[in-house]
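Notes to accompany the following structure.
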C-alpha cells in the first residue's frame, strides 16, 4: 500500500468548530500523557480504529491535516466519507486558506481535537508551511495537552527530528521534522526498494540519526517519548529500530502485535 492510497472505502460527513479555552488547556498540560502513533504508509479503517482506542474517547474529534498533499480535495472528501463508517467526529483543517473563507484561528481548531491525523505526501513542504503559519508550535501545544498525533509516511516523519524523504527531486534525502520524538524515521521500508539501503547507508555515514523504520501497515505508538507498542495488520509488515555500532547500522526487528 502506497501512502497515496492510504485511505479507502468511504461515506460523507460535515462538522463545525467552536472556540476553546487555551488557558484551561495549559493548566491541564502537566497532567496528560503525550501520545504519538505513526505508520509506515498504510492508514485505513483498521488503523483509524486503533487510533480511536488511543484517544480514550467513545466518539473522539479527529482532525485531518492534509498539508503534505497540498490540501487535496480528493483526500479530504475520502476522509469525510470513511469517517461516517467509524465512531468519530471528523474535521479537516486546510492550510491553503484565506481570511474570508476561514474566520477561526488554526489554534482554535487543532487544540479542540482528540487526535490530529497528518497525511502522507511531501514532508518538506508541510514543514515549511507549518512554520510559516505557526502550526508547528500549535501541534506541540496539542501534543503537550494530550491530543494524539498520528499519520503515515510524511505524517510519521514529521514527528521526529528528521527522516528519509522523497520530498526533493532526483533522490531520497534528509528532511527535518518537528523533533517531538528523538532520532529519525523511515517509512515504506521494504515496499520501496531504495528506502532500506539508503536509510542504513545514511545512518552509517552520520547523515541521519539512528531511529525507527516501518513497513506499510506496521505502526509505532509512543507515550511521553517512549516506545510503548508496536502493531501491524499482518505478519509480513514489521517495524525496526536502527542503531549504530562500531560504525555499522544495526537493524533490530521489533516484536509486533496484530490489529484487525
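Residue numbers (the numbering used here): 4 to 263.
Beta carbons are placed, not taken as given, at the ideal position from N, Cα and C, and that holds for glycine.
Helix, strand or coil at residue i [DSSP, three-state]
| i | result |
| --- | --- |
| residue 46 | coil |
| residue 115 | coil |
| residue 266 | Since the first residue shown for the chain is 4 and the last is 263, residue 266 is missing from the structure and cannot be characterised. |
| residue 95 | strand |
| residue 168 | strand |
| residue 134 | helix |
| residue 106 | coil |
| residue 83 | helix |
| residue 179 | strand |
| residue 184 | strand |
Beta-bridge partners of residue i, as assigned by DSSP
| i | result |
| --- | --- |
| residue 226 | 38 and 229 |
| residue 244 | 215 and 255 |
| residue 154 | 41 |
| residue 189 | 216 |
| residue 260 | 234 |
| residue 121 | 68 |
From the options, residue whose alpha carbon lies closest to that of residue i
| i | options | result |
| --- | --- | --- |
| residue 211 | 180, 225, 63 and 117 | 180 |
| residue 192 | 220, 73 and 63 | 220 |
| residue 114 | 216, 138 and 233 | 138 |
| residue 165 | 126, 173 and 199 | 126 |
| residue 93 | 131, 116 and 107 | 116 |
| residue 200 | 239, 251 and 184 | 251 |
| residue 44 | 263, 256 and 195 | 195 |
| residue 42 | 70, 105, 112 and 121 | 121 |
| residue 157 | 64, 240 and 73 | 73 |
| residue 243 | 76, 39 and 214 | 214 |
| residue 263 | 238, 87, 142 and 128 | 238 |
| residue 95 | 124, 64, 102 and 106 | 64 |
| residue 172 | 182, 142, 128 and 85 | 128 |
Close beta carbons around residue i, own chain, < 8 Å, minus the five adjacent residues each side
| i | result |
| --- | --- |
| residue 231 | 224 and 225 |
| residue 205 | 167, 177 and 211 |
| residue 89 | 48, 51, 52 and 55 |
| residue 36 | 149, 226 and 227 |
| residue 134 | none |
Burial state of residue i (16 or more Cβ within 10 Å)
| i | result |
| --- | --- |
| residue 68 | buried |
| residue 145 | buried |
| residue 186 | buried |
| residue 188 | buried |
| residue 29 | Legend: pLDDT at residue 29 = 48, less than 50; position of this residue unreliable, value from coordinates given subsequently. So residue 29 ends up on the exposed side. |
| residue 248 | exposed |
| residue 235 | buried |
| residue 100 | exposed |
| residue 108 | exposed |
| residue 261 | exposed |
Cut-off 7 Å between Cβ atoms - residues of its own chain near residue i, not counting five sequence neighbours on either side
| i | result |
| --- | --- |
| residue 60 | 117 |
| residue 197 | 175 |
| residue 258 | 233 |
Residue i CB to nearest heavy atom of the ligand ATP below 7 Å
| i | result |
| --- | --- |
| residue 61 | Among the components modelled here there is no ligand, and therefore nothing to report on the ligand ATP. |
Close Cβ partners of residue i (< 6 Å) along its chain, the five nearest in sequence each way excluded
| i | result |
| --- | --- |
| residue 169 | 175 |
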